[in-house]
Amino acid sequence: MRAAFYKCAAAKQKKTCDKKSVRKQWPEDLVVSETMKLVEDDTMESIIAKVMEL
Numbered sequence: 005m006r007a008a009f010y011k012c013a014a015a016k017q018k019k020t021c022d023k024k025s026v027r028k029q030w031p032e033d034l035v036v037s038e039t040m041k042l043v044e045d046d047t048m049e050s051i052i053a054k055v056m057e058l
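Position one of the sequence shown corresponds to residue 5 (this note's numbering), numbered consecutively onward.
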């Protein structure tokens with residue numbers, strides 16, 4: 005089973021970080037959302053079309 009949280013490496017290994025663990029869903033959803041904005045952007049589509057012509 006994969007972990008459902010992200011935890012600072014320093015907190016895991018050295019116990020020197022006081023940050024709390026973060027549920028994976030939030031940052032992963034954010035990355036997907038922002039990536040989709042880039043992919044769906046008209047400028048990006050134009051760039052992809054030009055690259056595909058090469």
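For each residue, glycine too, the CB sits at the ideal point set by N, CA and C.
These numbers were taken from a predicted model, which means no experiment stands behind them.
Residue i, enclosing alpha helix (DSSP H) - first and last residue
i     : result
Ser50 : Asp46 to Glu57
Ala8  : Careful: Ala8 lies outside any alpha helix (DSSP H) and carries neither H nor E.
Lys19 : First-last for Lys19: undefined, no H or E at that position.
Residue i and residue j closer than 8 Å at C-beta
i     : j     : result
Tyr10 : Lys28 : yes
Thr20 : Ala13 : no
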